[in-house]
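Colleague:
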Amino acid sequence: MKSSIKRWAGIGLGTAFLASGLAACGSGYQSGGHSGAQSPQDNTPPAAQERVHAEDMKKSEAENRKGESGEAGSDITILPRPLRLAFMTGHVKAGLALYRAGAPEMAAPHLLHPVSETHSAERAGLDELGFDASIFETVFQALNAGRPASEIEPQLAAAEQHLEHLSIKAGGDHIDIIRFMMETIVEEYAIAITDGQVSDAGEYQDAYGFALVARDHAANIEPELPGLLNALDALIALWPDGPIPSAAPAPVGKVMAQTSRVLLTLPAR
């Protein structure tokens, strides 16, 4: 996440991300240097390129997590409040989907994310919008106690509505949030997959939650952008079992390529 934060603290997502995503699907995209000359063609097989990219992402994330409660935790405060809220909401969306898919134990840590001390920096400024930590604490306690679905589901709905209310109050640009979600999905998904298998279920689930957040923001854009909605639906479909880790997950390159297609449907600035 740290690399995303640094970029978004400056100019945001650039054309390099589009290039890497399109290259991952073998589109033959070539990126020119500052002098206008084309880069030498890379003849490395796509599968090997994808593996190298994923390993680079894992190394970067491992370094970032060394300071998650310190340096990395403070870095996220650089992000605009709407982006931090979208990031938090992605974790909760993953938890909601997991619970509703019959996986309450996997859901619990995602639903606790908004009130976790480890991620306290994400909440900076949210109290001013009316953030209510007790809603998420109640959900977590109910899950730990094994309360019945008839009791927990209304609490989940309340948590979902609370985040929607905060999102409206936080404002922000839907397009910027979707761009941020796409970059974050690529980072998280690359970490989640090793040798074609889900090696980090939490990151796999987070990436799914971020795709759902992007879909929600896309639905609020007026006038409606059918191409964007269709591209996001196709992205979400790349998690064959929703947030439940799949035995045959989509390749990293395929997810990268689809996030690039999402970006290409966004209105030009």
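Using our numbering, the final residue of the sequence shown is 318, and nothing's skipped along the way. Note that the Cβ used here is the ideal one computed from N, Cα and C, for glycine as well.
1) What span of residues does the alpha helix (DSSP H) with glutamate 177 cover, start to end?
2) Got a sec? Which residues, its chain only, sit under 6 Å from methionine 230 by beta carbon, not counting five neighbours each side?
3) Does the Cβ-Cβ distance between alanine 268 and leucine 284 come in under 8 Å?
4) Let me confirm a value: leucine 215 is counted as buried when at least 16 other C-beta atoms fall within 10 Å, else exposed. Which label applies?
5) Are the beta-carbon atoms of leucine 161 and phenylalanine 180 separated by less than 8 Å?
6) Considering just the uninterrupted stretch of the alpha helix (DSSP H) at aspartate 225, what are its terminal residues?
7) Report back the beta-carbon spacing between proline 316 and glycine 221 to the nearest angstrom; my notes put them in contact at under 8 Å.
8) Go through its chain and collect everything with a Cβ distance to serine 295's Cβ below 6 Å, but skip five positions before and after it.
9) Write down every uninterrupted run of the alpha helix (DSSP H) in the segment 250 to 318 whose length is 4 residues or greater and which is fully enclosed by it, in chain order.
10) So the alpha helix (DSSP H) valine 141 belongs to, where does it begin and stop?
11) Could you give the residue range of the alpha helix (DSSP H) that holds isoleucine 217?
12) Would you report the Cα separation of glutamine 204 and proline 158, rounded to the nearest angstrom?
13) Can you give me the Cβ contacts of leucine 132 inside the same chain, cut-off strictly under 8 Å, excluding the 5 residues immediately before and after it?
Modeller: Inspection of the coordinates gives the following:
1) Here the question's residue 177 lines up with position 128 in the sequence shown. Element bounds for glutamate 177: n/a, residue is neither H nor E.
2) Locating residue 230 in the sequence shown gives position 181, where the first residue counts as 1. Phe259, Val262, Ala263, listed in sequence order.
3) As a first step, residue 268 is located in the sequence shown; it is residue number 219 there, counting from the start. As a first step, residue 284 is located in the sequence shown; it is residue number 235 there, counting from the start. For alanine 268 and leucine 284, no; Cβs fall outside 8 Å.
4) Locating residue 215 in the sequence shown gives position 166, where the first residue counts as 1. When all chains shown are included, leucine 215 counts as buried.
5) As a working mapping, residue 161 is identified with position 112 in the sequence shown. As a working mapping, residue 180 is identified with position 131 in the sequence shown. In this structure, phenylalanine 180 does not lie closer than 8 Å to leucine 161 by Cβ.
6) As a first step, residue 225 is located in the sequence shown; it is residue number 176 there, counting from the start. Start and end: 223 to 241.
7) Translated into positions along the sequence shown, residue 316 becomes position 267. Translated into positions along the sequence shown, residue 221 becomes position 172. Rounded to the nearest angstrom, the Cβ distance from proline 316 to glycine 221 is 16 Å, too far for a contact under 8 Å.
8) Against the sequence shown, residue 295 aligns to sequence position 246. In chain order, Pro289 place their CB closer than 6 Å to the CB of serine 295, counting only its own chain and leaving out the 5 sequence neighbours on each side.
9) Scanning the segment 250 to 318 from its first residue to its last, the whole alpha helix (DSSP H) runs of 4-plus residues come out as 250 to 268, 275 to 285, 301 to 313.
10) In the sequence shown, the residue the question calls residue 141 occupies position 92. Annotation: the continuous alpha helix (DSSP H) that includes valine 141 extends over 130 to 149.
11) Along the sequence shown, read from residue 1 onward, the residue named residue 217 stands at position 168. Looking at the DSSP string, the run of the alpha helix (DSSP H) that includes isoleucine 217 is 198 to 219.
12) As a first step, residue 204 must be located in the sequence shown, where it is residue number 155. As a first step, residue 158 must be located in the sequence shown, where it is residue number 109. Spanning the two alpha carbons is a distance of roughly 16 Å.
13) Here residue 132 refers to the residue found at position 83 of the sequence shown. Counting only residues of its own chain and dropping the five nearest sequence neighbours on each side, leucine 132 has a CB closer than 8 Å to the CB of Trp57, Gly221, Asp225, Ile226, Phe229.
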